[in-house]
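Student: Note that our numbering has the sequence shown beginning at 253, numbered continuously upward. The beta carbon of each residue, even a glycine, is placed where N, CA and C say it ideally should be. In this text, all values refer to a predicted model and were calculated from it rather than measured experimentally.
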Amino acid sequence: MEIIREEKNFQREFKNPVLTIGNFDGVHLGHQRIFQRVKEKASEIGGESIVYTFEPHPVELLAPERKPLLITPLREKLRLIEEEGIDVAICANFSPRFASQTPEDFVKDILYDQIKIRQLFVGHDYTFGKDRRGNIAMLINLGKKLGFNVEVVEAVRVAGAVVSSTRIRELVQKGEVPEAAKMLGRNYPLSGKVIRGHGRGSKQLGFPTANLKPEGDLFPKPGIYATWTYDEGRKYAGVANLGWNPTFHDQKFSIEVHILNFDRDIYGQPLRVEFVERLRDEITFRGPEELIAQIKKDISQAKSILKVS
Ligand code: ADP
Ligand code: MG
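1) Would the C-beta of residue 310 count as close to the ligand ADP, meaning under 7 Å from any of its heavy atoms?
2) Look at the Cβ atom of residue 520, then the Cβ atom of residue 405, and state whether they are nearer than 8 Å.
3) Which residues neighbour the ligand MG when neighbourhood means a C-beta less than 5 Å away from any of its non-hydrogen atoms? List them by chain order.
4) Based on the DSSP secondary-structure assignment, which residues constitute the bridge partners of residue 301?
5) By the three-class DSSP mapping on this structure, what secondary structure does residue 509 have?
6) If contact is defined by three or more beta carbon pairs under 8 Å, each pair taking one atom from either stretch, is the stretch 265 to 285 in contact with the stretch 367 to 382?
7) Say yes only if the C-beta of residue 514 is nearer than 7 Å to one or more non-hydrogen atoms of the ligand ADP, and no if none qualify.
8) Compute the Euclidean distance between the alpha carbons of residue 442 and residue 311, then round it to the nearest angstrom.
9) Check whether the Cβ atoms of residue 529 and residue 482 sit closer than 8 Å, and answer yes or no.
10) Scan the stretch 303 to 372 and note each continuous beta strand (DSSP E) run of 3 residues or more that stays entirely inside, going in chain order.
11) Mind checking which residues open and close the beta strand (DSSP E) that includes residue 476?
12) Are residue 508 and residue 439 touching if we call contact CB-CB under 8 Å?
13) What three-state label does DSSP hand residue 393 in the structure shown?
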């Protein structure tokens, strides 16, 4: 996939461009359906499939108090869009200047004059621009006037509920990670580097935990989770703890995973942890012995959820 980081004036001509535009945070099942339609249409007319997206998230600039925690940091989002088989991602810098153009100017100057789109796909609830003045009706009108097709892609539902980035953020923050996974089409992950903690896991408890410095900032509800951890392409079952380690009166929030059947020094290495199911709240124990007994129970529960021995 080709990635273009300017919003316009790029020296690149597209062949019969079929485009969709949006934030696509999470690249969830609803987004995936839109990308599918874009690809189908592109191959039908021998064109290129293009996803036009923004960085930072427009809400961060337009309404900072409502700034969303991202499901997918940019790098992860682009990786997933590439996995969907899209030809080109255009990632526009959502600057004050960019935000100040009218929706009509954006469509005319960028989508039409610069990219020369043939077909535009948008999600069922797409709005853009200041005060959300850009909407589907406006796009359809502009398309008629300028000469490109606009198609609206209907929402995907899971158990009756519309799949949306907002809903997925809520589910993750409530610890309802299996429900979030159904809407994402994959488990919710956190990626980051392994950092040093107090060294307590291995020395005091006999259960080393890789402490993660996460790239994103959308964390599942504090507690204990059954997880899959990916290290150098291999997948390991495990148990993660998100919280403040109350038994040891830590002040700092930490994300730690004890990886099963694993014994290696991975300080400084990148790690990806997927949250499969929440087991329990973090509890304050009277001491390490009680905590160790509980960790053993957590591990056996995680094993049965993950179906490993
Ligand atoms: P820290 O407080 O620095 O995290 P720990 O005592 O918890 O120290 O040990 C964690 C480190 O041990 C990890 O960062 C990793 O390098 C190593 N390690 C070895 N085996 C495991 C395992 N099974 N799960 C997690 N980390 C492990
Ligand atoms: Mg640790």
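Tutor: So, to answer that:
1) One-based indexing of the sequence shown puts residue 310 at position 58. Residue 310: no, Cβ never under 7 Å from the ligand ADP.
2) Mapped onto the sequence shown, residue 520 falls at position 268. Mapped onto the sequence shown, residue 405 falls at position 153. No, these two residues do not count as a Cβ contact at 8 Å.
3) Counting every residue whose Cβ lies closer than 5 Å to a heavy atom of the ligand MG, we get 449, 453, 461, 463 and 508.
4) The residue given as residue 301 occupies position 49 in the sequence shown. According to DSSP, which records beta bridges pairwise, residue 301 is partnered with 270.
5) As a first step, residue 509 is located in the sequence shown; it is residue number 257 there, counting from the start. For residue 509, the three-state secondary structure derived from DSSP is strand.
6) Verdict: yes, contact present.
7) For the purposes of this step, residue 514 is taken as residue 262 along the sequence shown, with counting starting at 1. For the ligand ADP, at least one heavy atom lies less than 7 Å from the Cβ of residue 514.
8) Along the sequence shown, read from residue 1 onward, the residue named residue 442 stands at position 190. Along the sequence shown, read from residue 1 onward, the residue named residue 311 stands at position 59. The straight-line gap from Cα to Cα measures roughly 22 Å.
9) As a position in the sequence shown, residue 529 is number 277, starting the count at 1. As a position in the sequence shown, residue 482 is number 230, starting the count at 1. For residue 529 and residue 482, no; Cβs fall outside 8 Å.
10) Secondary structure in the stretch 303 to 372: the beta strand (DSSP E) runs of 3 residues or longer, each lying completely within the stretch, are 340 to 345 in chain order.
11) To locate residue 476, count along the sequence shown from 1; it is residue 224. Looking at the DSSP string, the run of the beta strand (DSSP E) that includes residue 476 is 475 to 483.
12) Indexing the sequence shown from 1 puts residue 508 at position 256. Indexing the sequence shown from 1 puts residue 439 at position 187. The answer is no: Cβ separation not under 8 Å.
13) Counting from one through the sequence shown, the residue named residue 393 turns up at place 141. Helix.
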